[in-house]
Amino acid sequence: MKLNPWLKTFPLTFVVAATVASAAPLKIGFAQTGAESAWRTANSESMKAEAAKRGIDLKFSDGQGKQENQIRAIRSFIAQRVDAIVLAPLVETGWDPVLRDAKRARIPVIITDRTIETTDESLYACFIGSDFLEEGRMAAAWLAKKTGGQGRIVEIQGTPGSAPANDRRKAFAEGIAKHPELKIIDSQSGDFRRTGGKEVMESFLKKHGKTIDILYAHNDDMALGAVQAIEEAGLKPGKDSIIVSIDAIREGVQAVVDGKINCVVECNPLFGPKVYDTVAKVIAGGQVPRKAFNQDQLFDETNAAAALPTRQY
Ligand code: AHR
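Under my numbering, the first residue of the sequence shown is numbered 336, with each subsequent residue one higher.
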């Protein structure tokens with residue numbers, strides 16, 4: 336078995352000391368991206384509720400959509416000598432210096448939700464989240480089947496530089512590339528926000544009018560904002576144009592049932608329990624998978640109504 340790079344570079348004395356100290360309640364710092372979407376709210380709730388259930392002293396920081404706030408939060412967690420740091424990184428790059436500080440302070444870092452690009456893989460213990468590339472592939476495959484490989488697509492991207500925006504865009508583009516008659520005619524960021532989705536869709540409608548066949552939105556909040564813009568333009572979302580998005584929040588699945596969105600690919604945010612199980616293992620010096628992906632599914636007119644009553648977020 337390949338040794339986790341984080342474990343290899345952390346001295347055994349530290350791992351033993353952390354294990355001995357584990358009788359006291361765990362103090363964990365969580366640097367969240369912000370509160371941009373319903374997905375994010377559900378993710379924060381899952382982290383907070385599970386911490387309360389386990390008696391974990393959780394230091395929660397809302398980064399308000401700014402990387403510098405998250406970096407400041409991590410520095411403050413280091414100063415508070417937390418047992419572990421959980422980071423949901425807003426964007427992929429720019430984390431190495433602060434992660435080096437955490438490593439120097441011998442505080443393990445667990446990356447959740449979004450991946451990072453780093454020159455030193457030993458700067459974090461492991462990653463837990465969804466496979467954004469797979470989500471983009473699933474969206475493209477569903478669309479190709481639904482349209483017979485034809486249509487003019489507008490894309491509303493997530494936050495520029497973030498792993499979900501980068502991966503969902505790349506995998507979707509690769510997926511539709513096999514179908515030369517499926518074309519992305521325009522693409523802009525809505526920052527994963529409902530207002531962003533509405534504004535971008537309004538500008539797409541002004542520019543391309545009724546020539547838009549398909550909307551691919553990187554999350555449900557932006558798709559729901561776009562639905563509003565389409566309705567205000569006197570068109571029927573889900574009928575005049577096909578809408579595909581990602582997350583499968585309850586409101587997104589409801590929109591599929593209502594026929595306003597045609598397909599949502601799931602991105603499950605409820606991984607609080609998995610994160611704390613992993614933190615405990617890392618602190619105890621145990622082996623954890625380098626990357627652990629959640630299992631996600633897809634909802635369309637064939638299964639959305641049946642899934643709706645048990646949606647948890
Ligand atoms: O990183 C996960 C993405 O971030 C979700 O798809 C989106 O809704 C959120 O804001």
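Yeah, the Cβ is synthetic: ideal placement off N, Cα and C, and Gly gets one too.
Just measuring C-alpha positions, the residue of Ala-460, Gly-531 and Leu-425 sitting nearest Arg-435 is Ala-460.
Glu-456 carries a helical assignment under DSSP once its states are collapsed to helix, strand and coil.
The continuous stretches of beta strand (DSSP E) do not include Tyr-648, and DSSP gives it neither H nor E. Per the DSSP secondary-structure output, Pro-572 pairs in a beta bridge with Ser-576.
Taken from the Cβ of Trp-477, every heavy atom of ligand 1 lies 7 Å or farther away. Under DSSP, Lys-609 takes part in no beta bridge, so it has no partner. About 5 Å separates the beta carbons of Asp-521 and Val-489, which is inside the 8 Å limit, making them a contact pair. The region 382-393 and the region 407-414 do not touch, with fewer than three beta-carbon pairs separated by less than 8 Å. Minimum Cα-Cα distance from Thr-447 among the listed residues Lys-505, Gly-510 and Ser-381 corresponds to Ser-381.
For Asp-397, there is no enclosing alpha helix (DSSP H); the enclosing beta strand (DSSP E) covers residues 392-397. In the three-state reduction of the DSSP assignment, Ala-423 falls in the coil class. Under a 10 Å Cβ-count criterion, Thr-454 is classified as exposed, with fewer than 16 other Cβ atoms of the shown protein chains found around its own Cβ.
Relative to ligand 1, Ser-524 has its C-beta separated by 7 Å or more from all heavy atoms. The Cβ atoms of Glu-516 and Gln-485 sit closer than 8 Å to each other. Secondary structure of Lys-626 (DSSP, three-state): strand.
For Arg-487, the uninterrupted beta strand (DSSP E) run begins and ends at 486-492, by DSSP. Cβ-Cβ distances below 7 Å link Gly-429 to Gln-402 in the same chain, with the five nearest sequence neighbours on each side left out; the list follows chain order.
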